[in-house]
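Right, one structure below, let's go through it.
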Amino acid sequence: MTTQVPPVETATPGVETERKTYLNVTKGFMSWAGTLDHKRIGLMYLIGTSAALLAGGLFALLVRLHLWEPTGMLFDNAEYNQVFTLHGVFMVFLFVIPAIPAALGNMILPLQLGAIDVALPRLNLLSFYLWVTGAIFAILAIVAGGFDTGWTFYTPYSLYTQQAVGLIGMGVFILGFSSIFTGLNFIVTVHKLRAPGLTWFRMPLFIWALYATSILQVLATPVLGITVLLVAIERLYHIGIFDPRLGGDAVLFEHFFWFYSHPAVYIMVLPAFGIISELVTVHSRKPLFGYKLIAFSSLAIAIISFLVWGHHMFTSGQSTYAMFAFSFLTFFVAIPTAIKEFSWVATVWKGSIALNSPMLYTLAFLIIFAIGGLTGVILGALNVDIHLHDTYFVVAHFHYVMMGSIALAFFAGLHHWWPKMFGVMYNETHAKISCALIFIGFNATFIPQFIMGSRGMPRRYATYVPDYEPYHKASTIGAMVLGVGVAFMVYYLVVSLLQKKRAMENQWGGVTLEWETPTPPPLENFSKPPVVTNEVYDYSKLDLETTITPAK
Amino acid sequence: MSDAHDSHGDFGDLQMGTHHVSSALQFTSVLIALLFLTIITVAVAQFDFGGANMLIAMGIASVKAALVILFFMHVKYDTAINKIMFLSSFLFLSLLFIFTLADRATRQMDHRAHTIKTPVASEWVHPNTLNSDH
Amino acid sequence: MSHDDHHSVVIPAPGPEFKPHTVAHHFDTPVQEFQSAKLGFWLFLATEILLFGGLFAAYFYFHEQYPETFVVGGKQLDWRLGGLNTCVLLLSSWTMAMGVRAAQTSQKKKLLMYCGLTVLGAAIFMVIKFFEYKAKSDHGLFVFSEMLGGYDTATGQLPWFTDIHGVMAGVPHGHMFFAIYVTMTGIHGLHVIIGAGLIIWIMFGAAKGRFHAGYYLPVDLVGLYWHLVDLIWIFLFPLLYLVP
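What follows is the structure, encoded as C-alpha cells:
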C-alpha cells in the first residue's frame, strides 16, 4: 500500500439504508437489457469485450502452444490458419476497437463532462446490440466452418476460400456500425453536453483522445463497411471488382481496407493515450506537462493517420511513387506521438509519484510503447520494410502497440476506474504481482519475435525451420506467463466484487469531474449539475477528505 | 473557437440553423437551376473535349451538388459545427481518391522504369500490368 | 425513464390538430435537443458520403484502367431514361424541401401532400429503374436470374454476363462496367427505398399532428437523408449514363 490504507469494512447489514447507485437503482433482466444509462451500457460492453479478450487470448495461447515444436504440435495447417484468424478477428474487431471507447469511454466520458448521459442514449444502446449481433455473427461463422483469411480478408483468397467468410464479413460490417454510432454519439456529447464552464481546454485529456478517436470512427469505418460489403457481393455474384481473374484488382481491396484499417490503429491507440494522460497526472499528483500539445497531437495523429495507409502495402505491387509518398508521410506520425511520450515522462518527473497498480501499468505502458512506436518508425522506412514485411518483426511491432500498449492501458484504466465503477477495491498486492507477470510475460513473448523476425521468420506459418526453435520456445513460455498474469487479474477483480471491500470516495485523488459525484455514481450522475470553475488538473483544489472517506 | 457558443450555451444559434425557414421562391429557383444544369450536363456530353470531359462533367455535377447542399439541405443557414462535420467528409474522401488514383495512374510509369533499368525485364511482366491487356 | 422529476421541457402544440412535444429529460432545452440530433445526423450523413465514396473511388479506378470499356458500356445505357430519373429525383427533392417548410410553418395538410408527392417520386424512380434493369438483363449485360450462378474459373465465363448482342466484344472485361453500374445503382436504389419508407413513417406522425413549428426535427432529418439520395444520383447520372 503506497498511498491510502482503506479500512477493512464490510457491507453494512441494513440494506434499506443502502444508497441508490446506478448498479442497484432498478433490478431485473430488462432493467439492464433495455437500459439507456451510459454506465450500465458501458458495463455491459465491459463484460462483452472482456469475454472477447479472454477468447482471443485463448486462441493466442493455442497458437503459441502449437508453435512449441517446429512441425507444430496441435493443428494441421488449415486449422492453424483458422486459429490465428480467430485470434486476430476477436482481438481487433471485438476487443481492441470497442474496449476503451465503448466500455471505459461510455462509463467515464459523460461523468467527466458533467453530463447526465450521452447525447443520444438510444443510439448508444443500439450500438451495444449491434456489437452483440456482430459477435453472434462471428460465433456463427465459427460454427459454420470457421474462416482462415487472417483478420485482413485479403482478396482474391477471401473470394475463393470455401469457408464462412460471408458470415464474418457481415459480422465486421455490423461491428463497424456499432463503432460508428459510438463515435458519433461521443462527438455530439462533447459538443453539446459539456457542463457550464467546462471549456475545450478544461476538458480532461481522456475526452480529447476519445474525441479524436470518434472522428476516425465516423470518417474511416464506412470505407471498411463498403469494402466488406463488396467482398460479400463479390463472393455471391462474382462482379469482379476485387478479382484479378475477372479484370478486377486486389490492390484496390488493399487500398480500401487500409484506408480504414490504418486509421483504425489509431482508433485503438488514441483512447489508450487518453487513459495514460489521465493516469500519469493523477498518480503523480502534478498537472500534465504540455496539456495543449497532447490535446492537439491527438487531433494531428487522427488527421495524419489518413495519409499513410499505403505503408501496409509496400510489397503488394502498388506504384513506386505511391510508396515513396506513403513512406515519407509515415514518419510524420512519429512527431505528435513522440510529443505525447515526452510529455508523459515530463509529467512524472519530480511528481509526487504514487506507485499504485494503475500507475505501474502506466509505467509499463510508457516503456513498451516506446519500443512499439520506434519499431514502427523502422518499419515505415520503405527499403527496410521490404525485408521485414510479413515477418515476426512486424508481428512483434504491432503486438507491442496493440497488446503491450493498448491492452495495458486498458488494464491501467480498468484498475484506475474500478473503484469508481463499483465502489469496491481490489487487492493492491495481487494487482502489482499481476502487473509484473504481464509485463515480464509480454516482453518474453515478443522480444524473441523481434529477433527471429529480423532473421526472416515469416508470420502466419504453421511450421518453421528448426533454427528458430529457441526463439519460438522462449516466446511460448512468455505467452504462458502473460496468460497466467491476465488470468490472475481476472481472478482478483472478480474476488473484489464478491468481497466488497469499500473503496474511497476518491480513491486516487483525482480532480476531474467523475470524482465529484458519489462512488459509485447515482443513476443520473450528479445530484445537481456541476459548474466548472477550476483549470484542468489543478490539484490544489483537491478535497483530501474525499480520499480517505469510504464510499457508501 | 467560440466555446461559450458550443457548450450548453448554443442559444446564440437560435436564429442561425435552428429554425431558418426558406422561402418557397428560393426552393423553386434552385429547382429550376438544377433542371437547367441537368440539360447542360446532357448537352456538353454530346461534344468531345478530350481529357477535359471528366472535369467538365464533374464540375457541373459539383455545382448541382452545392446547390442541393446549400439550399435544400439548409447548410447555408446551419451552424458552423454542422457545416464543418459534413463538409469534412468530402475532404477525407478526397484523400481516398487522391492516393488510390495516384497509385493507379503512376503504375504504368513504374513499368517503364523497370523495363529500362533491369536487363532481364523484357522477359518479365510487372504484376500490375497483367490485368490491363488481356 | 422514471426520472421525470429532473425536469422535462414541453413544447406546446400550436393548434388543436397538433400534439405537444416533450424534450428528452437529459437535455436542458429544446434547442440543445435539436442541435444534438442534427449534429449526430450530419455525422451519419458524412458516413454515407464515405460509404458511397468507396464505390466512386472504384469507379474512377477502373475508368482509369479500362477507359474503352466504360465508354462503350455507358453507351448501352439509355441516357433519356437516366435523365428522366434525374429530373424525377430533383423534383422529389424539391417536394421534400417544401415538405420540411410546411412542417416548419405548421401546415399539416401541405406537409402530408408534399411527403406523398416525394414518395410518388421515389416510386416513379424505382419503376423506371426496374424497366432499365430489365432491358439490360434481356440483353445479357447482367442477367438477374443468373447472378448467383458462380462462374467457370477455367474459362472466366460469367453466367450473368452473356452479352447476347456482342456489344462489349471489342473491349477488355466488358462486364466490369456493368458490375459497377449494378452495384452503385443497386445500393443507391436501396437508399431510395429506405428513404421512401422513412418518409411514409413521417406521414404517419404528421397525420397524428406530431410535427409543427415547435417540433419538426424528424421531418428535417428525413429530409436531409432524402436530399443525400438525390445528391449521390447527381454524380451517378453523368458518370454512368454519359461516361466522359
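Residue numbers (our numbering), protein chains in the order written: chain A, 4 to 555; chain B, 876 to 1009; chain C, 110 to 353. Backbone N, C-alpha and C fix where the C-beta goes; we use that ideal spot for every residue, glycine too. Note that the structure is a prediction, hence the values are computed from the model and not measured.
{"Check": "Apply the 10 Å Cβ neighbour rule to E142 (chain C) and answer buried if 16 or more other Cβ atoms are within range, or exposed otherwise.", "Outcome": "buried"}
{"Check": "With a cut-off of 8 Å, does the C-beta of S964 (chain B) fall near any C-beta of chain A?", "Outcome": "yes"}
{"Check": "Just confirm the distance between the C-beta atoms of H134 (chain C) and S117 (chain C), as a whole number of angstroms; I'd bet it's less than 8 Å.", "Outcome": "5 Å"}
{"Check": "Is the Cβ of H194 (chain A) closer than 8 Å to any Cβ of chain B?", "Outcome": "yes"}
{"Check": "By the three-class DSSP mapping on this structure, what secondary structure does M455 (chain A) have?", "Outcome": "helix"}
{"Check": "Which chain C residues sit within Cβ distance under 8 Å of I956 (chain B)?", "Outcome": "L148"}
{"Check": "Taking 8 Å as the CB-CB limit, is G163 (chain C) close to chain A?", "Outcome": "yes"}
{"Check": "Of all Cβ atoms in chain B, is any one closer than 8 Å to the Cβ of F215 (chain C)?", "Outcome": "The sequence given here places Ser at residue 215 (chain C); Phe does not occur at that position. Output row for S215 (chain C): interface = no."}
{"Check": "Using a Cβ-Cβ distance under 8 Å, would P124 (chain A) count as near chain C?", "Outcome": "yes"}
{"Check": "Taking the alpha carbon of F529 (chain A) as the point to measure from, which residue in A:N537, A:A235, A:E519, A:Q510 has its own alpha carbon closest?", "Outcome": "A:E519"}
{"Check": "For a contact meaning CB atoms closer than 7 Å, what does F967 (chain B) contact in chain A?", "Outcome": "L222, F309"}
{"Check": "Roughly how many whole angstroms lie between the Cα atoms of Y223 (chain C) and G179 (chain A)?", "Outcome": "35 Å"}
{"Check": "Can you list, in chain order, the stretches of the alpha helix (DSSP H) that have 4 or more residues and sit fully within the stretch 242-293 of chain A?", "Outcome": "253-287"}
{"Check": "When you compare only the Cα positions, how much space is there between W397 (chain C) and A81 (chain A)?", "Outcome": "As displayed, chain C neither begins before 110 nor continues past 353, which places residue 397 (chain C) out of reach and without an answer."}
{"Check": "Which same chain residues end up closer than 7 Å to K958 (chain B) when comparing Cβ atoms and leaving out the 5 residues on each side of it in sequence?", "Outcome": "V950"}
{"Check": "Can you tell which of A:I356, A:L391, A:H390, A:F396 has the C-alpha that lies nearest to the C-alpha of G375 (chain A)?", "Outcome": "A:F396"}
{"Check": "So what's I374 (chain A) in DSSP terms, helix, strand or just coil?", "Outcome": "helix"}
{"Check": "Strictly below 8 Å CB to CB, what residues from chain B border V226 (chain A)?", "Outcome": "L971"}
{"Check": "Against chain B, does Y170 (chain C) count as a neighbour if the rule is that its beta carbon must be under 8 Å from one of theirs?", "Outcome": "yes"}
{"Check": "Can you tell me the Cα-Cα spacing of K23 (chain A) and S34 (chain A), whole angstroms?", "Outcome": "14 Å"}
{"Check": "Is it true that the CB of L126 (chain A) sits closer than 8 Å to the CB of F176 (chain A)?", "Outcome": "no"}
{"Check": "Whose Cβ in chain C lies nearer than 7 Å to the Cβ of F961 (chain B)?", "Outcome": "W151, L154, A155"}
{"Check": "Please classify N386 (chain A): is it buried, with 16 or more other beta-carbons within 10 angstroms of its beta-carbon, or exposed?", "Outcome": "exposed"}
{"Check": "Below 8 Å on the Cβ atoms is my guess for I409 (chain A) versus F317 (chain A); work out the distance and round it to an integer in Å.", "Outcome": "Going by Cβ atoms, the distance from I409 (chain A) to F317 (chain A) rounds to 24 Å, so no, they are not a contact pair."}
{"Check": "What residues from the stretch 178-206 of chain A come within 9 Å of chain C, judged by C-beta to C-beta, listed N to C?", "Outcome": "F180, I183, F184, G186, L187, N188, I190, V191, T192, H194, K195, L196"}
{"Check": "Taking the beta carbon of V119 (chain C) as the centre, do at least 16 other beta carbons fall within 10 Å, making it buried, or is it exposed?", "Outcome": "exposed"}
{"Check": "What would DSSP say about I356 (chain A), mapped onto helix, strand or coil?", "Outcome": "coil"}
{"Check": "Taking only beta carbons into account, state which residues of the stretch 186-207 of chain C come closer than 8 Å to chain B, listed in chain order.", "Outcome": "W188, G192, T195, C196, L199, L200, S202, W203, M205, A206, M207"}
{"Check": "Please name the residue in B:T913, B:T981, B:I973, B:R982 whose C-alpha comes closest to that of F165 (chain C).", "Outcome": "B:I973"}
{"Check": "Determine the contact status of L970 (chain B) and F309 (chain A), defining contact as a CB-CB distance below 8 Å.", "Outcome": "yes"}
{"Check": "In chain order, what residues of the same chain lie with their CB nearer than 7 Å to the CB of L348 (chain C), ignoring the 5 residues before and after it?", "Outcome": "Y168"}
{"Check": "Where does R505 (chain A) sit, in a helix, a strand or coil, going by DSSP?", "Outcome": "strand"}
{"Check": "Does DSSP classify Q216 (chain C) as helix, strand or coil?", "Outcome": "coil"}
{"Check": "For M326 (chain A), I'd like the list of residues in its chain whose CB is within less than 6 Å of its CB, leaving aside the five on either flank, ordered along the chain.", "Outcome": "F317, L385"}
{"Check": "So for Q141 (chain C), helix, strand or coil by DSSP?", "Outcome": "helix"}
{"Check": "For L152 (chain C) versus L133 (chain A), is the C-beta spacing smaller than 8 Å?", "Outcome": "no"}
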